[in-house]
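First the structure, in the form of C-alpha cells, and then the observations on it.
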Amino acid sequence: MNFEFIYKICLKSEWLIAKKNKKFTGTKKDLEDRFIHFSDKVQIFGTLKKYFFKQKDLVLLKVEALELDNLVYEQSSDGNMFPHLYCVLDTKYVKNVYDIILNKDGSHTLPPNF
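Quick note: the sequence shown uses the working numbering, first residue 142, plus one each step.
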C-alpha cells in the first residue's frame with residue numbers, strides 16, 4: 142500500500158463544482174456516510190467495478206495523502222483497508238485529474254500514466 146497518494150472517483154460535474162469552490166465535500170454516497178471514500182492505487186479498478194459499473198462522465202483525482210488531516214484507514218466488509226477522509230478536501234491537495242473512459246461493456250479504462 143502506497144501512503145503517498147490516494148485516489149477519488151467522482152463525476153466530472155462534482156469535480157468542476159469542487160474546483161470552483163476550492164473544496165470537495167464529497168459525492169452523494171460520501172455525504173450519506175459522513176466521510177469521503179478514497180481508494181489506494183491497487184483498489185481503483187475494484188472500486189470502479191463494484192460502484193461505478195456502466196457509469197459515464199467519471200474522473201479520477203490523485204490526492205496527496207500525507208498532507209491530509211483526518212484521514213483514517215479503515216477496514217471494509219471484505220477485509221481490505223480503505224482511506225476515509227473525515228473532513229472536506231481542499232482541492233490544493235489534488236495533484237492530477239484523469240478522465241476515466243467508459244468501455245462498451247460497462248467497464249472502465251484509465252490512462253496508462255495514472
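For every residue, glycine included, the Cβ atom is placed at its ideal position computed from N, Cα and C.
From Glu155, Asn221, Leu230, pick the residue whose C-alpha is nearest to that of Glu257; which is it?
-> Past the boundaries of the shown model lies residue 257; the chain is included only from 142 to 255, so the question cannot be answered.
In angstroms, rounded to a whole number, what distance separates the CA positions of Ile241 and Lys190?
-> As a first step, residue 241 is located in the sequence shown; it is residue number 100 there, counting from the start. As a first step, residue 190 is located in the sequence shown; it is residue number 49 there, counting from the start. One C-alpha to the other measures close to 12 Å.
Check whether the Cβ atoms of Tyr234 and Leu201 lie closer than 8 Å to each other.
-> Residue mapping note: residue 234 aligns to position 93 of the sequence shown, counting from 1. Residue mapping note: residue 201 aligns to position 60 of the sequence shown, counting from 1. Against a cut-off of 8 Å, the Cβ pair of Leu201 and Tyr234 comes out as no contact.
Glu179 and His225: beta carbons closer than 8 Å?
-> Mapped onto the sequence shown, residue 179 falls at position 38. Mapped onto the sequence shown, residue 225 falls at position 84. Correcting the residue identity first, residue 179 is Phe in this sequence and not Glu. In contact: Phe179 and His225 (Cβ atoms closer than 8 Å).
Residue of Asp219, Val183, Asp198 minimising C-alpha distance to Val238 = What you label residue 238 is simply residue 97 of the sequence shown in a count that begins at 1. When each option's Cα is compared against that of Val238, the closest is Asp198.
Ordered list of alpha helix (DSSP H) runs contained in the region 151-232, each at least 4 residues = For the region 151-232, whole alpha helix (DSSP H) runs of length 4 or above, ordered along the chain, are 153-162, 169-174, 185-192.
Local Cβ density within 10 Å of Leu207, reported as buried at 16 or more and exposed below that | As a working note, residue 207 is residue 66 in the sequence shown. It is exposed - the Cβ of Leu207 has fewer than 16 other Cβ atoms within 10 Å.
Which residues in the same chain have their Cβ closer than 6 Å to the Cβ of Gly167, if we skip the five residues on either side of it in sequence?
-> Along the sequence shown, read from residue 1 onward, the residue named residue 167 stands at position 26. Within the same chain, Ile177 come within 6 Å of Gly167 by CB-CB distance, once the 5 residues on both sides are set aside.
Grab me the residues of Phe194's own chain with a C-beta within less than 6 Å of its C-beta, minus the 5 sequence neighbours each way, in chain order.
-> The residue labelled residue 194 in the question sits at position 53 within the sequence shown. Excluding its 5 nearest sequence neighbours in each direction, Phe194 has C-beta neighbours in its own chain below 6 Å: Gly247, listed in chain order.
Would you call the CB atoms of Gln196 and Phe223 closer than 8 Å?
-> Taking the first residue of the sequence shown as position 1, residue 196 is located at position 55. Taking the first residue of the sequence shown as position 1, residue 223 is located at position 82. No, Cβ-Cβ distance for Gln196 and Phe223 is not below 8 Å.
DSSP beta-bridge partners for Asn237?
-> What you label residue 237 is simply residue 96 of the sequence shown in a count that begins at 1. Lys203.
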